[in-house]
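Trainee: Can you keep this structure in mind? I'll have questions shortly.
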Amino acid sequence: MTKQVIYHLLAVALPICATPLSAFDYDTSNWFKGNTHTHSLWSDGNDFPEMIIDWYKSRDYDFLALTDHNVLQVGEKWMDLEAIKKRQRAIGRDAVSKCEARFGKDWIQWKTQGDKKGIILKTLDHCREQFEEPGKFYLLPAEEVSNGAKDKAPVHINALNIPKVIPAVKDGTASVAEVMERSFAMIAEVEKESGQPILAHLNHPNFQWAVTADDLAKVAIGGYFEIYNGHPGINHLGDDTRPGDERIWDIANTIRIAEMETTPLMGVATDDSHTYHGGDVSPGRGWVVVGADKLGGDAIVEAMREGKFYASSGIELGRIAFDKDSGLLTVAAKPEEGVEYTFEFIGTRKGYDASAADTGIGEVFLSSTGNSAAFQIPGDALYMRVTVTSSKRHPNPSYTDQKEQAWIQPVGWK
Ligand SMILES: [Zn+2]
Ligand SMILES: [Zn+2]
């Protein structure tokens, strides 16, 4: 049995993502905003979980996933004070005094181990009690499953709404695609056992150039990836010889639909924030906006499964509408004084010429400026997606000349 066949069978057997919706007209202005990729002192972030959560909640995020590497914030986690200080890289005010200033002198739980002064970190349960408010703010139990393949290639997958820690696959003999396959399958297994829907997204494909468009295409079980990640070291734009994340999306979607006959990838935008005290402070760079029925883990995952969400690095959308019969796709941004939006309708035609620059993979069918744009998708398009780019510079860019953007999910595929 060829690998391709195995991948295809798995795609049929496991719940991965949406069926194509025939028609929808979403008012996205009341959807929930959340970041699904954040690190705290529980792994390699440099702030306390409660400080990070407070940052997001106080900036009108509706939900947040703390996604520490291979760990959930449960049980007693003691941290050496000196190790906490080291993480700050001597920039800005120190984490402890900031935390005491925010929550009071009695908040931090000190504990000396041997001759070392340290702190017991707050658990997710504690944080949920402190910060969650029905309909207003929700914390998703989540993890960055930090797998490793041949040559230590990082294969990081965020699992959202998990009932327990999902172990990472570390296999120095396995290819990236094999490790992806095994990790996604393990996550699906936990979902099946627990009955709790879990959303898994493949992170930063270009980090150490580990995951190619081909890997993303052929591992059909993985239906989601990061179209944007706010960490500055993830090669978002690619380089002279390797495609950036936008292009990766189109290559993978084209292979998935045309050759694999499976679903296209859905794109999420995230912060992947690690640093909070100066230097490259990354919270607030990327997020998703989700049309869930209510604010809760299952509802968020189910809405994302339906493709009822968009990714953003700054732009707020007001409407996304699609009518399969007429093929009309409409996207509107929230108007902002002095700001112009460019809407690019991007897809690939059946019978595409992979070597052609402008009519091949990821062809721009229409580029239109204004506060909204509509386009009738031609019958020979395999799928259509829209990238919206603002004339406004990103206030805290992760790469040079970054503009604020938004990405809607592919539509029009069969
Ligand atoms: Zn990662
Ligand atoms: Zn990360």
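Add 247 to the 1-based position in the sequence shown for my numbering, that's all there is to it.
We treat Cβ as the ideally placed atom computed from N, Cα and C, and that holds for glycine.
Since the model is a prediction, treat every value here as computed from it, not as a measurement.
Do residue 319 and residue 285 have their C-beta atoms closer together than 9 angstroms?
Mentor: It is not a contact, given that the beta carbons lie outside the stated cut-off.
Trainee: For residue 527, is the beta carbon positioned less than 8 angstroms from some heavy atom of ligand 2?
Mentor: Answer for residue 527: no, Cβ out of range of ligand 2.
Trainee: List the whole-angstrom C-beta distance separating residue 283 from residue 405, where the pair is believed to meet the contact cut-off of C-beta under 8 angstroms.
Mentor: 6 angstroms between Cβ atoms; contact.
Trainee: Helix or strand or just coil, what does DSSP make of residue 601?
Mentor: Three-state result, residue 601: coil.
Trainee: Should residue 314 be listed as close to ligand 2, given that the test is whether its C-beta is under 8 angstroms from any heavy atom?
Mentor: Yes, Cβ of residue 314 sits closer than 8 angstroms to a heavy atom of ligand 2.
Trainee: Skipping 5 residues on each side, what residues in its chain have a beta carbon closer than 6 angstroms to that of residue 579?
Mentor: Cβ within range, chain order: 565, 566, 619.
Trainee: Find out if the Cβ-Cβ distance for the pair residue 516, residue 471 is shorter than 9 angstroms.
Mentor: Not closer than 9 angstroms, so no.
Trainee: Name the DSSP beta bridge partners of residue 387, please?
Mentor: Paired residues: 312.
Trainee: What residues in its chain sit with their C-beta under 6 angstroms from that of residue 328, if we drop five residues either side in the sequence?
Mentor: Closer than 6 angstroms at the Cβ level, and outside the excluded window around residue 328, lie 364, 365.
Trainee: Could you please give the first and the last residue of the uninterrupted beta strand (DSSP E) stretch that includes residue 296?
Mentor: Unbroken run through residue 296 is the alpha helix (DSSP H), 296 to 304; no beta strand (DSSP E).
Trainee: Compare the C-alpha of residue 465 against each of 426, 456, 435 and name the closest.
Mentor: Of 426, 456, 435, the residue nearest in Cα terms is 426.
Trainee: With distances taken from CA atoms, which of 361, 278, 344, 658 is nearest residue 512?
Mentor: Looking at the Cα atoms, 658 is the closest of the given residues.
Trainee: Using a Cβ-Cβ cutoff of less than 7 angstroms, which residues in the same chain neighbour residue 484 once the five nearest sequence positions on both sides are dropped?
Mentor: For residue 484, where only same-chain residues beyond five positions count, the Cβ hits under 7 angstroms are 491, 646.
Trainee: Heavy atom of ligand 2 less than 8 angstroms from the Cβ of residue 450, yes or no?
Mentor: Yes, since a heavy atom of ligand 2 falls inside the 8 angstroms radius drawn around the Cβ of residue 450.
Trainee: Could you spell out where the alpha helix (DSSP H) holding residue 552 opens and where it closes?
Mentor: It spans 544 to 552 - the alpha helix (DSSP H) in which residue 552 sits, taken as one unbroken run.
Trainee: Using alpha carbons as the reference points, say which of 388, 584, 397 lies closest to residue 409.
Mentor: For the residues 388, 584, 397, the minimum Cα distance to residue 409 belongs to 388.
Trainee: Measuring CA to CA, which of 636, 611, 615, 640 is closest to residue 628?
Mentor: Per the Cα distances, 611.
Trainee: In the DSSP assignment, find the unbroken beta strand (DSSP E) run with residue 637 in it and report its ends.
Mentor: Taken as a continuous stretch (DSSP letters only), the beta strand (DSSP E) holding residue 637 covers 628 to 640.
Trainee: With respect to 8 angstroms, is the separation between the Cβ of residue 391 and the closest non-hydrogen atom of ligand 2 below this value?
Mentor: Yes, ligand 2 has a heavy atom inside 8 angstroms of this Cβ.
Trainee: Under 8 angstroms: does the beta carbon of residue 401 sit that close to some heavy atom of ligand 1?
Mentor: Flag set: Cβ of residue 401 near ligand 1.
Trainee: Count the other CB atoms within 10 Å of the CB of residue 262; is the residue buried (16 or more) or exposed (fewer)?
Mentor: Below a pLDDT of 50, predicted positions are generally treated as unreliable, and residue 262, at 44, falls in that range; the measurement from the model is reported next regardless. It is exposed - the Cβ of residue 262 has fewer than 16 other Cβ atoms within 10 Å.
Trainee: Can you list, in chain order, the residues of its chain whose CB lies under 6 angstroms from that of residue 547, leaving out five sequence neighbours each side?
Mentor: Only 537, 539 meet the Cβ criterion.
Trainee: Please classify residue 277 as buried or exposed, where buried requires at least 16 neighbouring CB atoms within 10 angstroms.
Mentor: When all chains shown are included, residue 277 counts as exposed.
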